[in-house]
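In our numbering, the protein residues as written are 96 to 516. Read through the structure below, which is laid out as C-alpha cells, and then see the notes.
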Amino acid sequence: KQLKAIAVKGRKRVPVHDEHGLLQASKQRFQEIYAAAKDGLRQHGTPELCITAEGFGDMPIKYWTGDTWPEGAARIGAPRYTEFLHARPLPCANCPIGCHRHIQVNGEGYALEGPGPEYETLGMLGSNLLVDDLGAIAVANDLCNRLGIDTISAGASVGLAMECYEKGWLTKEQTGIDLTWGNGEAMIAMIEQLGNRTGFLGETFAEGTLSAARQIHPDAVLLVVHVKGLDYPAHDARSSFSLAINYATGTRGACHMRGVTEDVEMGGLLIPELGIVEGWSEFFSPYNKAELTVLLQDLSAWMNSLVICTFMADGGGLSLSHLVEMFNLITGWDWDIDDVMRSGTRIFTLQRLVNLRDGHSRETDTIPYKMTVPAKEGFRAGKTPTPFSSYLDRYYSLRGWDSSGRPTAKILAELGLELAC
Ligand code: SF4
C-alpha cells in the first residue's frame, strides 16, 4: 500500500483535572530530575553506559560470542564519544534530561550534523561487530535513520552475516563485501543494501535475521539471538539473568523497552514502593529474578500506556509515588500503587492473550542458544541463566498461568478479563 505512517495533529488542549497542582508538582519534579541527571545522562547521554555495561558483561560482543572488549568500549563510549563527535544534549520537548545527542563531525568522506548514536546503536553497530570507528558508527546510524530501519536489528543482521562469513557460509563472491569483524565500511555497505533491498545481502536479510539464517545454512538458525523473531537488544542475559525471563516472555519478543530489569541488577534503578531495594536482586543469584521481571513488565506496561519516558525514573530518579501523584492530578482519579500495578498486569495479560491467539506459547518463550554458553573470562565468566525452565516455571506461577504459559480462568476472572479470553 506504500503507506509508511499516519500523522495526526489536534488543536484542542488536553483537559487536566488540577492544572495548578500539576504545574506546582511538575516544577518541583523537573528540578529534581535535572539535578539527578545533569552529571550523567544529560552530560554524556546513553553513551555514558558503554564502559559500565561492558564491565558488567552486558554489551554484545562479536554477535554474542565475545566475552570482553574494554578497549573498544572506551573508544566508542563516553567520554571519548562526546569529544570526538562534538556531542551535546538534544532533548525531547520539555525534557529535563536530554539524553539524545546532537553531533557534528567531519571525517574522511563524510560530514555529519544531527542526531547521534544511542547506547543500543553503539552496542549493536559497535561492540557487536567489533567496530570501534565512531565515525563509521555515526554514519551507519544516520543511514538507518534515513532508511527507517532499526539499528538493533540492523546490527544483528550485520553480526549474523559477519559470523556466517567467518564460518565460510557466506563468501565474498556471493556478497561482494569483505564482511570481516570490525570492518566499518562493510557494515555501512550492508546496511545500504538492507534498507534498499538490493544486492545479495539486501535480498537475503530483508525479512530479518531468522529468515536469513534459514536461507544461509542449516546450522545458522542456532546462531540467531532472538525471541519470537525479534533480535536481542544490546543487553546480555548471561549478565542479568532476569533479562532471560523478561525477553523470553516479552509480548513482542526481546524488547528492551518493556521492563528494564538489567538496570535493577546493575544497581542503577531502585523502586522501594515495589520492594525493589538495594541487594534485593543480585547478579547471578536465582532469587527474585522472576519476581523482578513480573513487577517491571507490569510497571512498564502502565508507564508505556502513559507515553512517559522510562528515563524519568531510570536515571532521572522520579519516584513511583510522585508519578502516581501526577497521574491523579491529571485524571482526577484517586489511584494508588496497587491500582497502577493491577492496570499494568491487565495490559500485559491482554497482550499475552493476543500472543496465544497468534500461536505463541511456552515453545516460543525461549532463551537463545548463545545465552546458554558461558564466558571464559570477564565479569560473567562461567555464568548462564540455566536451567531456564526453572525460571520460566516460577514466572508462570507468579503470573497465575498454567505450565504451558496460558493464563488460568481464575487469574483472568481476578483481572476482570474473562471476556477477553
Ligand atoms: S524524553 Fe527521554 S528519550 Fe527524550 S531526551 Fe528526555 S530522557 Fe531522552
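For each residue, glycine too, the CB sits at the ideal point set by N, CA and C.
Whole-angstrom distance between residue j and residue i, CA atom to CA atom
i, j, result
"Tyr490", "Lys107", "44 angstroms"
"Gly277", "Tyr260", "13 angstroms"
"Lys122", "Cys145", "31 angstroms"
"Ala470", "Glu368", "35 angstroms"
"Pro212", "Thr426", "36 angstroms"
"Phe179", "Val320", "31 angstroms"
"Leu415", "Thr275", "46 angstroms"
"Leu510", "Glu357", "28 angstroms"
"Leu117", "Asp326", "39 angstroms"
"Glu287", "Leu238", "7 angstroms"
"Glu249", "Lys465", "The question names Glu, but residue 249 in the sequence shown is Ala. So the alpha carbons of these two residues sit roughly 19 angstroms apart."
"Asp301", "Arg196", "The sequence given here has Ala at residue 301, not Asp. Approximately 29 angstroms, taken between the alpha carbons."
"His524", "Pro502", "Because the chain in this structure spans residues 96 to 516, residue 524 falls outside the shown range and cannot be described."
"Asn450", "Ala349", "14 angstroms"
"Asp134", "Leu296", "42 angstroms"
"Ala148", "Gly172", "10 angstroms"
"Thr346", "Glu203", "43 angstroms"
"Met219", "Asp227", "12 angstroms"
"Thr266", "Ser485", "41 angstroms"
"Ala206", "Leu136", "26 angstroms"
"His112", "Trp428", "9 angstroms"
"Glu360", "Glu377", "6 angstroms"
"Glu280", "Gly271", "12 angstroms"
"Pro184", "Leu507", "45 angstroms"
"Ile232", "Gly290", "16 angstroms"
"Gln446", "Ser395", "13 angstroms"
"Asp497", "Ala131", "42 angstroms"
"Lys262", "Arg124", "53 angstroms"
"Leu305", "Val468", "20 angstroms"
"Thr177", "Leu365", "28 angstroms"
"Lys478", "Thr163", "14 angstroms"
Proximity test, residue i beta-carbon vs ligand 1 heavy atom, cut-off 8 angstroms
i, result
"Ile198", "no"
"Gly411", "yes"
"Ile192", "yes"
"Pro186", "yes"
"Phe125", "no"
"Met352", "no"
"Met398", "no"
"Leu136", "yes"
"Met407", "yes"
"Cys404", "yes"
"His139", "no"
"His115", "no"
"His195", "yes"
Span of the alpha helix (DSSP H) around residue i
i, result
"Asn278", "Counting along the chain, Asn278 falls outside any alpha helix (DSSP H), and DSSP gives it neither H nor E."
"Arg124", "114-132"
"Glu377", "Unbroken run through Glu377: none, as it is neither H nor E."
"Tyr490", "483-494"
"Cys259", "246-262"
"Thr73", "The structure shown does not extend to residue 73, since the chain spans only 96 to 516, so no value can be given for it."
"Thr306", "Here residue 306 turns out to be Ser, not Thr, going by the sequence shown. 304-311 is the span of the alpha helix (DSSP H), which, as asked, contains Ser306."
"Tyr327", "Element bounds for Tyr327: n/a, residue is neither H nor E."
"Met398", "384-401"
"Tyr158", "That residue, Tyr158, is in no alpha helix (DSSP H); it is neither H nor E in DSSP."
"Pro186", "No alpha helix (DSSP H) holds Pro186; DSSP gives it neither H nor E."
"Ala148", "144-150"
Endpoints, beta strand (DSSP E) assigned at residue i
i, result
"Asn240", "Unbroken run through Asn240 is the alpha helix (DSSP H), 229-242; no beta strand (DSSP E)."
"Val355", "Run containing Val355: none; DSSP gives neither H nor E here."
"Glu208", "205-210"
"His195", "Per DSSP, His195 belongs to no beta strand (DSSP E) and is neither H nor E."
Cβ neighbour criterion (16 or more within 10 Å) applied to residue i
i, result
"Pro165", "exposed"
"Leu317", "exposed"
"Asn223", "buried"
"Arg452", "exposed"
"Leu418", "buried"
"Leu98", "exposed"
"Ile156", "buried"
"Gln199", "exposed"
"Val103", "exposed"
"Val521", "Outside the shown range of the chain (96 to 516) lies residue 521, about which nothing can therefore be said."
"Val253", "buried"
"Ile101", "exposed"
"Glu472", "exposed"
"Arg309", "exposed"
"Asp331", "buried"
"Glu258", "buried"
"Thr216", "buried"
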